[in-house]
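Quick notes on the structure that follows.
There are 2 protein chains.
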Amino acid sequence: MLKGAMAETVQLGSITETTDPRILRSRQMLMESLFRLLTRKEFDDISIQEIADEATLNRATFYLHYPDKNALLQAMTATRFRDLIARRGLSFTDCDGALRAIALGVCDYLAETTGCPGQLAKMPLEGSIIAAVEDIFLQGAAHHAIVPGTDPKLLATTAAWAIFGAARRWYQTPDRIPAEEMAAKIEAMVKPIFLTASM
Amino acid sequence: MLKGAMAETVQLGSITETTDPRILRSRQMLMESLFRLLTRKEFDDISIQEIADEATLNRATFYLHYPDKNALLQAMTATRFRDLIARRGLSFTDCDGALRAIALGVCDYLAETTGCPGQLAKMPLEGSIIAAVEDIFLQGAAHHAIVPGTDPKLLATTAAWAIFGAARRWYQTPDRIPAEEMAAKIEAMVKPIFLTASM
DNA sequence: CAAATAAATCGACAAATGTCGTTTAAGCAT
DNA sequence: ATGCTTAAACGACATTTGTCGATTTATTTG
Chain A
366 MLKGAMAETV QLGSITETTD PRILRSRQML MESLFRLLTR KEFDDISIQE
416 IADEATLNRA TFYLHYPDKN ALLQAMTATR FRDLIARRGL SFTDCDGALR
466 AIALGVCDYL AETTGCPGQL AKMPLEGSII AAVEDIFLQG AAHHAIVPGT
516 DPKLLATTAA WAIFGAARRW YQTPDRIPAE EMAAKIEAMV KPIFLTASM
Chain B
366 MLKGAMAETV QLGSITETTD PRILRSRQML MESLFRLLTR KEFDDISIQE
416 IADEATLNRA TFYLHYPDKN ALLQAMTATR FRDLIARRGL SFTDCDGALR
466 AIALGVCDYL AETTGCPGQL AKMPLEGSII AAVEDIFLQG AAHHAIVPGT
516 DPKLLATTAA WAIFGAARRW YQTPDRIPAE EMAAKIEAMV KPIFLTASM
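Heads up: the sequence lines are chains A and B, in that order.
Take the position in the first sequence, starting the count at 1, then add 365; the result is the number in the working numbering.
Take the position in the second sequence, starting the count at 1, then add 365; the result is the number in the working numbering.
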């Protein structure tokens, strides 16, 4: 898979900020197209041609922005999840109960976006959601006194994976408890990770 | 993607045990083929035809057992990781330091199996390794006094994701600390999850 | 405004994917 | 040993994928 120039910018890793309205517009339309199609069909049954058609873009244009379907799903998920968090004004700067609020955000996102719980297994959302949660933690870490021997990145990663894993299990459970209740449980489990001393 | 009969048994979820030597043989050969090919090429660059050829099986036979390449990778990873753990005789029944040993197992598995750290990002190993770790925890839970309000499954899932996430970060880090050292860190972070009271 | 830059379109291509119906042969039960 | 069951092989098919080169069109810069 030779990855091509891909419109100058890269999706994962360090992003060369783009202002070009054409690029922004194309990517946005692709993400919205996929989202719309997902309400009707399963991810696996959606072809890149369909996504391009729905976005009124040429198929080749798709490949100019994303290497494959998964990358688009990834990008879409990251964007939508970040928006959800942003709408709720979570930044971990207002540190109180932020952990619970983030957990709740993940639960809600899974519940409102993913159609069928069984389908979740196939979708590679992990990367995007986990990365977003990780980022929030890291932002928060900047506002805290840094415990000497501790690696904030490792803590953020570990906590993010723990939260996502727990939320995922919750969502896949047949008869779920309320999201709020689950968020409280997650908070209780994950909080101690951050209190890890002597590392 | 109509999933077809798939040789009577299913990969994920409840597995209808098979004794038929033909089935066992085919699956084993496919897993070994993929492993061998992975030492030479990247996962993305391996076609199903190649896997089938390497296994001296027909391509159609592949689809009799796995819906796609990812499912095979998943199965292969689960099998190999379980073997690694089994070779080390880890069962969490010998509870002391088992958590650290499992963390070490995950680190070692990633390091010895995955070729390039950057490639890891694309591979959906999560499901398989995490599921295996989860199982080990659940086995262990059976040997412990069950704390009333606690859900062992949730704890197992959360801890498993935390461990995998941490190990994954470690493996992707350019200049890694020794695996043993990392395992100790992971143990320190994850242990408190199991001590969560009042859930 | 005009020229340079770069994104989007178009058509085409070889390759890979996923699925079928049919045939061959291995495993299993009586 | 005989026959039933079912896995594996085979060949074929329509579709999707990923990539190209060439062209058109939109944006930015000077």
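Even for Gly, the Cβ is constructed at its ideal location relative to N, Cα and C.
Check	Outcome
Which residues mark the beginning and the end of the alpha helix (DSSP H) in which B:Cys-481 is found?	First-last for B:Cys-481: undefined, no H or E at that position.
Does A:Pro-539 get closer than 9 angstroms to chain B when you measure Cβ to Cβ?	no
Find out if the Cβ-Cβ distance for the pair A:Ile-495, B:Gly-492 is shorter than 9 angstroms.	no
Helix, strand or coil for A:Ala-370 per DSSP?	Low confidence applies here, because A:Ala-370 scores a pLDDT of 48, under 50, leaving its location unreliable; read the following figure in that light. Looking at A:Ala-370 - three-state DSSP - the assignment turns out to be coil, as it is neither helix nor strand.
May I ask you to verify whether the stretch 468-488 of chain B touches the stretch 423-433 of chain B, counting CB pairs closer than 8 angstroms and requiring at least 3?	no
Buried or exposed, going by whether 16 or more other CB atoms sit within 10 Å of the CB of A:Thr-384?	exposed
Can a CB atom of chain B be found closer than 9 angstroms to the CB of A:Phe-529?	yes
Check the Cβ of B:Ala-496 against every Cβ in chain A and list those closer than 9 angstroms, keeping chain order.	Within chain A, no residue comes near B:Ala-496; the closest Cβ sits about 11 angstroms away, beyond 9 angstroms.
Reducing DSSP to helix, strand and coil, say where B:Arg-453 ends up.	coil
State buried or exposed for B:Thr-421, treating a residue as buried only when at least 16 other CB atoms are found within 10 Å of its CB.	exposed
Using a Cβ-Cβ cut-off of 9 angstroms, state whether A:Arg-465 counts as contacting chain B.	no
What do you reckon, are the CB atoms on A:Asp-409 and A:Lys-518 nearer than 9 angstroms?	no
Can you name, in chain order, every residue of its own chain whose Cβ lies under 6 angstroms from the Cβ of A:Phe-446, other than the five neighbours on each side?	Tyr-474, Ile-494, Ala-497
With a cut-off of 9 angstroms, does the C-beta of B:Pro-543 fall near any C-beta of chain A?	no
Would a C-beta distance cut-off of 9 angstroms place B:Thr-479 and B:Leu-469 closer than the cut-off?	no
Which first and last residues belong to the alpha helix (DSSP H) in which B:Ala-420 is found?	Premise fails: B:Ala-420 is in no alpha helix (DSSP H) and is neither H nor E.
What residues from chain A crowd round B:Ile-558, counting only those whose CB sits closer than 8 angstroms?	Ala-527, Met-554, Val-555, Pro-557, Ile-558
Please confirm whether A:Leu-402 has its beta-carbon closer than 9 angstroms to some beta-carbon of chain B.	no
Might you give, ordered along the chain, the residues of its own chain that have their beta carbon closer than 8 angstroms to the beta carbon of A:Arg-453, omitting 5 neighbours on each side?	Ala-466, Gly-470
Please decide whether A:Gly-492 counts as near chain B, where near means a Cβ-Cβ distance under 9 angstroms.	yes
Where B:Thr-538 and A:Phe-502 are concerned, what is the direct C-alpha to C-alpha distance, given to the nearest angstrom?	19 angstroms
For A:Thr-561 versus B:Ala-527, is the C-beta distance shorter than 9 angstroms?	no
In whole angstroms, give me the CA-to-CA distance for B:Arg-387 and B:Thr-444.	18 angstroms
Measure the C-alpha to C-alpha separation of A:Phe-427 and A:Met-441 and round it to an integer number of angstroms.	14 angstroms
With distances taken Cα to Cα, identify the nearest neighbour of A:Ile-450 among A:Asp-500, A:Lys-556, A:Ala-506.	A:Asp-500
Can you tell me which of B:Ala-436, B:Lys-406, B:Asp-540 puts its alpha carbon nearest to the alpha carbon of B:Met-396?	B:Ala-436
Quick one: give me the first and last residue of the alpha helix (DSSP H) that A:Gly-505 is part of.	491-507
Could you pull out every residue in the same chain whose Cβ sits closer than 8 angstroms to the Cβ of A:Ala-548, ignoring the five residues on either side in sequence?	Arg-465, Ala-466, Ala-468, Leu-469, Cys-472
Taking Cβ positions only, does A:Met-366 come closer than 9 angstroms to chain B?	Note that A:Met-366 scores a pLDDT of 36, beneath 50, so its modelled location is shaky; the value from the coordinates is reported in the next line. Yes, because at least one Cβ of chain B sits closer than 9 angstroms to the Cβ of A:Met-366.
Only counting the same chain, and skipping five residues up and downstream in sequence, which positions put a Cβ closer than 7 angstroms to that of A:Glu-419?	Ser-398, Arg-401, Leu-402
Among B:Lys-550, B:Ala-525, B:Pro-543, B:Glu-546, which one has its Cα closest to the Cα of B:Phe-559?	B:Ala-525
Answer with yes or no whether the minimum CB distance from A:Leu-455 to chain B is below 9 angstroms.	no
Can you give me the start and stop residues for the alpha helix (DSSP H) that B:Arg-390 sits inside?	386-403
Kindly indicate which three-state DSSP category B:Asp-516 falls into: helix, strand or coil?	coil
I need the straight-line Cα distance from A:Ile-552 to A:Glu-477, nearest angstrom please.	Here residue 552 of chain A turns out to be Glu, not Ile, going by the sequence shown. Using only the alpha carbons, I get a separation of about 21 angstroms.
Please confirm whether B:Lys-550 has its beta-carbon closer than 9 angstroms to some beta-carbon of chain A.	yes
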